[in-house]
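The working numbering numbers the first residue of the sequence shown as 3 and each following residue consecutively. Using N, Cα and C, we set each Cβ at its ideal position, and we do this for glycine too. A short write-up of the structure that comes next.
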Amino acid sequence: MASLFNTTNKSARNYITALWAGFLGGNIASFVKWGTESVLPPRTADRAIPPAEMLTDFGLKVNEMVYTYSGHIVNWGVSGVHHLFSIVFAMFYCLVAEVFPQIKLWQGVAFAILVTICFHGIVLPLGGWAPPLWDLPHDEIISETFGHIVWMWTIEVFRRDIRSRMTQKMDPEFQ
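Right, dumping it as structure tokens:
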């Protein structure tokens with residue numbers, strides 16, 4: 003169990019690069035996650051979208067947070083919540099990876115599963131924005147888990163590539 007908390011050498015860490023990699027990876031991975039939802043819709047058609055419910059509970063008029071693109075009405079509020087979520091968690095992941103390399107287990111897949119469990123099993127039900135984990139349809143569990151896995155793997159690919167390009171060095175645990 004001690005290996006779970008092994009840390010990297012402080013001199014090998016590069017937090018600025020980690021933040022930049024997280025920002026870039028989080029932006030791109032957000033589009034990857036949206037892409038998975040177009041082929042594997044994450045919830046039944048009769049359920050509200052959790053970010054819309056959150057924005058409404060925070061007193062925002064989510065139905066007014068729209069723009070039209072190519073004849074489609076797009077809700078920038080809901081999209082913005084998903085996009086911001088992706089960027090914040092990507093930056094967090096990349097920063098933590100500089101210190102605790104174990105977060106990268108299975109190229110980020112373990113972290114993706116943890117995010118899925120925490121948000122869809124705890125945060126969203128506690129906020130009243132989704133049913134408890136045991137009441138979620140299997141389709142939603144599959145969609146969200148798969149979507150988070152490819153989302154996080156995309157962030158890890160960006161993290162590794164951008165870090166190695168900017169520092170010209172391997173990850174800190176290998177230095």
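What residue from 57, 75 and 156 has the CA that sits closest to residue 88's CA?
Closest by C-alpha distance to residue 88, out of 57, 75 and 156, is 156.
In the DSSP output, which residue or residues are listed as bridge partners for residue 30?
None, per the DSSP bridge assignment.
Run through DSSP, which three-state label would residue 51 get?
Of the three classes helix, strand and coil, the one that applies to residue 51 here is coil, per DSSP.
Using the Cα positions of residue 172 and residue 101, report the straight-line distance between them to the nearest angstrom.
The straight-line gap from Cα to Cα measures roughly 14 Å.
Mind checking who residue 76 pairs with in its DSSP beta bridge?
Residue 76 is bridged by DSSP to 69.
Which one of 129, 28, 116 and 126 has the shortest CA to CA distance from residue 148?
For the residues 129, 28, 116 and 126, the minimum Cα distance to residue 148 belongs to 116.
Beta-carbon within less than 7 Å of residue 3's beta-carbon, same chain only, minus the 5 sequence neighbours each way: which residues are those?
Here the model assigns residue 3 a pLDDT of 45, short of 50, so the residue's position is not dependable and the matter cannot be decided.
For a quick check, are the C-beta atoms of residue 79 and residue 98 less than 8 Å apart?
One thing to note: residue 79 has its Cβ no nearer than 8 Å to the Cβ of residue 98.
Assign residue 96 to buried or exposed, taking buried as 16 or more other Cβ atoms, counted over all protein chains shown, within 10 Å of its Cβ.
With 16 or more neighbouring CB atoms inside 10 Å of its own CB, residue 96 falls in the buried class.
For a quick check, are the C-beta atoms of residue 68 and residue 76 less than 8 Å apart?
At a Cβ-Cβ threshold of 8 Å, residue 68 and residue 76 count as neighbours.
When the Cα of residue 118 is compared with those of 135, 24, 105 and 50, which residue comes out closest?
If you compare the alpha carbons of 135, 24, 105 and 50 with that of residue 118, the shortest gap goes to 135.
Run through DSSP, which three-state label would residue 108 get?
Correct three-state label for residue 108: helix.
Could you pull out every residue in the same chain whose Cβ sits closer than 6 Å to the Cβ of residue 132, ignoring the five residues on either side in sequence?
The answer, listed in chain order, is 52 and 126.
Please report the straight-line C-alpha distance between residue 110 and residue 40, rounded to a whole angstrom.
Residue 40 has its alpha-carbon roughly 23 Å from the corresponding atom of residue 110.
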